[in-house]
Amino acid sequence: MVEGLVVWALVIPLALFGVRNSPGDLGQQPDGRRSSLGPVAAPPRGRTLAQASRVPLFWVVITAVGISGMLSTAVAFHQIDLLGERGLSSTEAAANFLPQTAAALLATLAVGALIDRVDPRWVTAVCMGLLAGGLLMGTVVAPGWSAIAFGALIGGSGGAVRTVEAGAFPRYFGTTHLGSIRGVVAAVSVGSTALGPVGFALVHDATGGYGVALVASAALPLVVGVVALLSPVPPPLAEAAVVPADARPAEPGTVPATPPE
93 MVEGLVVWAL VIPLALFGVR NSPGDLGQQP DGRRSSLGPV AAPPRGRTLA QASRVPLFWV
153 VITAVGISGM LSTAVAFHQI DLLGERGLSS TEAAANFLPQ TAAALLATLA VGALIDRVDP
213 RWVTAVCMGL LAGGLLMGTV VAPGWSAIAF GALIGGSGGA VRTVEAGAFP RYFGTTHLGS
273 IRGVVAAVSV GSTALGPVGF ALVHDATGGY GVALVASAAL PLVVGVVALL SPVPPPLAEA
333 AVVPADARPA EPGTVPATPP E
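Just so you know, the sequence shown maps onto residues 93 to 353 in our numbering.
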């Protein structure tokens, strides 16, 4: 109960007083300049959810996020037992969450710096390749460096693919309808996490181990990676037109400034 009250005390004030919908709510442009001192950006543009759903990249990224969530959650739920079968103690298996978390943070920063400069198809394919590699490594992992590599591949792929979605969707679909578009992504991501652990459990009960589940599931991200490379990418939305400051409509009751002679 105390922890819940602490969460309320920290999060609710931040949500009420610290969160803004967009820089425009503060009279600013995305680069931080105030509109009263410089050019004024035109209203943001963007594709609707229906329009975005007709773009192959939309479904590729959603599928990648869903597959990543499903399989990484499956590994997390069964991690103690899975790594225990490979000779790791319960403590060593639990400690594997550390390289997973560190790799996810580093991958998020790296992909965030690259996603505006690199074709998202290639980044998505790399993410899926890392995930497949991590799953396959789970069949041969042993105490030591291979366990760290296993955790880094699983964690890094998850952090990277979520950053692809966060960076690519505003670029190609705009921000006007980004809430509804990302809402679909969130629904798929959350729903997929419920399937992975159950699937791994069923296969484990049927085969007596996790090897079949790991190898079979590794095929899913590989297929998504190939499809990502073959999918066309829409042109990025043109940046909003910028209206010069002296071309703005005068506010009621004001006299337009006369340019010096």
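Beta carbons: idealized from backbone N, C-alpha and C, even for Gly. Predicted, not measured: the structure shown is a model, and the values here were computed from it.
For Ala142, does the count of other Cβ atoms within 10 angstroms reach 16, so buried, or fall short, so exposed? As a working note, residue 142 is residue 50 in the sequence shown. Ala142 is exposed by the Cβ-count criterion.
Per DSSP, what kind of secondary structure is Gly179 in: helix, strand or coil? Start at 1 with the first residue of the sequence shown, and residue 179 comes out as number 87. It is coil, neither helix nor strand.
Alpha helix (DSSP H) containing Leu329: first to last residue? As a position in the sequence shown, residue 329 is number 237, starting the count at 1. From DSSP, Leu329 is part of no alpha helix (DSSP H); its letter is neither H nor E.
Below 7 Å between beta carbons: does that hold for Ser281 and Gly161? Residue 281 sits at position 189 when you count from the first residue of the sequence shown. Residue 161 sits at position 69 when you count from the first residue of the sequence shown. Gly161 is positioned such that its CB atom lies closer than 7 Å to that of Ser281.
Assuming Ala310 contacts Ala224 (C-beta within less than 8 Å), just tell me the rounded distance between them. Position 218 of the sequence shown holds residue 310. Position 132 of the sequence shown holds residue 224. Taking the Cβ atoms as the reference, Ala310 lies roughly 4 Å from Ala224, within the contact range of under 8 Å.
Sequence-distant residues of its chain with Cβ nearer than 6 Å to Thr255 (five each side left out): If you number the sequence shown from 1, residue 255 lands on position 163. Cβ-Cβ distances below 6 Å link Thr255 to Thr200, Val203, Gly204 in the same chain, with the five nearest sequence neighbours on each side left out; the list follows chain order.
Under 7 Å, do Met220 and Gly317 count as touching if we go by C-beta distance? For the purposes of this step, residue 220 is taken as the residue at position 128 of the sequence shown. For the purposes of this step, residue 317 is taken as the residue at position 225 of the sequence shown. Yes.
Determine the DSSP secondary structure at Gly236, reduced to helix, strand or coil. Mapped onto the sequence shown, residue 236 falls at position 144. In the three-state reduction of the DSSP assignment, Gly236 falls in the coil class.
Please list, in chain order, all residues of the same chain as Glu331 whose beta carbon is under 6 Å from its beta carbon, the five residues on each side excluded. The residue given as residue 331 occupies position 239 in the sequence shown. Residue placement at Glu331 cannot be trusted, given a pLDDT of 46 that sits under 50; what the coordinates show is reported in the next sentence. Hits under 6 Å: none found.
If Gly226 and Leu245 are in contact, beta carbons under 8 Å, what's the gap, nearest whole angstrom? The count along the sequence shown starts at 1 and reaches residue 226 at position 134. The count along the sequence shown starts at 1 and reaches residue 245 at position 153. In this structure, Gly226 and Leu245 form a Cβ contact; the two beta carbons are roughly 3 Å apart against a cut-off of 8 Å.
Identity of the residue in Ala308, Tyr302, Leu314, Leu329 nearest Ala168 by Cα: Taking the sequence shown and counting its residues from 1, one reaches residue 168 at position 76. Closest option to Ala168, Cα to Cα, is Tyr302.
Output the distance between the C-alpha atoms of Val290 and Ala166, rounded to the nearest integer angstrom. Numbered from 1 along the sequence shown, position 198 holds the residue referred to as residue 290. Numbered from 1 along the sequence shown, position 74 holds the residue referred to as residue 166. In a straight line, the C-alpha of Val290 is about 8 Å away from that of Ala166.
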